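Here the UniProt record's numbering is used: the first residue of the sequence shown is 1, the next is one more, and so on. The C-beta atom is built at its ideal place from N, Cα and C for all residues, glycine as well. For clarity, every value in this text was computed on a predicted model and none was experimentally measured. A short write-up of the structure that comes next.
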Amino acid sequence: MTTHHHLDPRSPLVLDTHDLGRRAGAMRELHETIPAPAGIGTPVIGIPEGSPIELDLRLESVSEGVLVSGIADVRLEGECSRCLTPIQDSSDVDLQELFLYADQHLEGEDEEDVARMQGELLDLEPALRDAVVLDLPFTPLCREDCAGLCQVCGANLNDDPDHDHGPATDSRWVALEGWSSEDGDDVEDDAVEDEDAEYGDEDAEYGDEDVPDEDAGDGEAAQAGPAPRS
Numbered sequence: 001m002t003t004h005h006h007l008d009p010r011s012p013l014v015l016d017t018h019d020l021g022r023r024a025g026a027m028r029e030l031h032e033t034i035p036a037p038a039g040i041g042t043p044v045i046g047i048p049e050g051s052p053i054e055l056d057l058r059l060e061s062v063s064e065g066v067l068v069s070g071i072a073d074v075r076l077e078g079e080c081s082r083c084l085t086p087i088q089d090s091s092d093v094d095l096q097e098l099f100l101y102a103d104q105h106l107e108g109e110d111e112e113d114v115a116r117m118q119g120e121l122l123d124l125e126p127a128l129r130d131a132v133v134l135d136l137p138f139t140p141l142c143r144e145d146c147a148g149l150c151q152v153c154g155a156n157l158n159d160d161p162d163h164d165h166g167p168a169t170d171s172r173w174v175a176l177e178g179w180s181s182e183d184g185d186d187v188e189d190d191a192v193e194d195e196d197a198e199y200g201d202e203d204a205e206y207g208d209e210d211v212p213d214e215d216a217g218d219g220e221a222a223q224a225g226p227a228p229r230s
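Below you can see the structure in the form of structure tokens.
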């Protein structure tokens, strides 16, 4: 959490501690409303940029630095993780951070996790961001019993608790919905008609040509009698 950039004393979240004078036990209170910086929160819920943050803090000088503690009253906006309805809420976020003087060190602490002063200035923004994110719900809800969205059509089940699509249908058979026995009979009748039409075409191809009569052939053979002997 070490601050590497040069702090701007005009920033609302940069606090000047010169009045504490590095005197252990010196303390002052801070009550102030500031505009929220951008990007505090998570992808689903957070503090809108520019919305008011009400700070109720105590700055106390200790031997290692300045201890900041208190509450930040923030406004929240996001969407319900179940039904995606917009959410507006507020929260009192607890703040407590020790800002070390530049010449102080804490045993066993990673330097990246240490908040440091720059001269008499301290930057409250990183501590505020961390505290807000830890305070936010992982899955925000519009209400505890939110029913969510219909998995079939996406309707909000909070608005229509009796919403129903009937028995579930295997998606593999959806293409056959509406198929009936009448449809099957129609297909069979069409097949018979096609077969009759095919034979009709063959008859038309022969026309008026004579077709040999098997019975007539047998009668002629009987009149001719037996074949002469040689």
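Return the residue from the list the options that minimises the CA-CA distance to residue i.
i: residue 103; options: 65, 162 and 25; result: 65
i: residue 144; options: 129, 133 and 158; result: 158
i: residue 137; options: 46, 54, 50 and 98; result: 46
i: residue 10; options: 141, 133, 79 and 122; result: 122
i: residue 152; options: 164, 131 and 141; result: 164
i: residue 60; options: 133, 82, 98 and 141; result: 98
i: residue 156; options: 37, 113 and 82; result: 82
When you compare only the Cα positions, how much space is there between residue i and residue j?
i: residue 100; j: residue 71; result: 20 Å
i: residue 16; j: residue 52; result: 21 Å
i: residue 124; j: residue 139; result: 27 Å
i: residue 21; j: residue 56; result: 21 Å
i: residue 147; j: residue 94; result: 31 Å
i: residue 120; j: residue 26; result: 14 Å
i: residue 39; j: residue 127; result: 14 Å
i: residue 167; j: residue 161; result: 17 Å
i: residue 150; j: residue 84; result: 12 Å
i: residue 154; j: residue 75; result: 29 Å
i: residue 7; j: residue 117; result: 10 Å
i: residue 14; j: residue 115; result: 13 Å
i: residue 42; j: residue 50; result: 16 Å
i: residue 44; j: residue 19; result: 40 Å
i: residue 133; j: residue 105; result: 27 Å
i: residue 67; j: residue 37; result: 22 Å
i: residue 32; j: residue 131; result: 18 Å
Within a Cβ cutoff of 7 Å, which residues of the same chain sit near residue i, ignoring the five residues on either side of it in sequence?
i: residue 62; result: 24
i: residue 12; result: 34 and 35
i: residue 91; result: 74, 76 and 135
Under DSSP, the alpha helix (DSSP H) around residue i begins and ends at which residues?
i: residue 128; result: 125 to 135
Grab me the residues of residue i's own chain with a C-beta within less than 6 Å of its C-beta, minus the 5 sequence neighbours each way, in chain order.
i: residue 77; result: 48 and 88
i: residue 69; result: 58 and 96
i: residue 29; result: 58
i: residue 129; result: 40
i: residue 54; result: 33 and 73
Going by DSSP, which residues form a beta bridge with residue i?
i: residue 115; result: 99
i: residue 163; result: For residue 163, which the question treats as bridged, DSSP gives no partner whatsoever.
i: residue 156; result: 149
i: residue 94; result: 71
i: residue 41; result: 46
i: residue 121; result: 16 and 118
Flag residue i as yes when its Cβ comes closer than 6 Å to any non-hydrogen atom of the ligand FAD, and as no otherwise.
i: residue 105; result: Here there are no bound small molecules, and the ligand FAD is not part of this structure.
Starting from residue i and walking both ways along the beta strand (DSSP E), at which residues does that stretch end?
i: residue 65; result: 65 to 79
i: residue 6; result: Here residue 6 belongs to no beta strand (DSSP E), and DSSP marks it neither H nor E.
i: residue 84; result: It is not in any beta strand (DSSP E) - residue 84 carries neither H nor E in the DSSP assignment.
i: residue 56; result: 52 to 61
i: residue 16; result: 14 to 16
i: residue 30; result: 27 to 35
i: residue 46; result: 45 to 47
Note down, in chain order, each residue of its chain lying with its Cβ closer than 8 Å to the Cβ of residue i, except the 5 sequence neighbours on either side.
i: residue 142; result: 80, 82, 83, 85, 87 and 158
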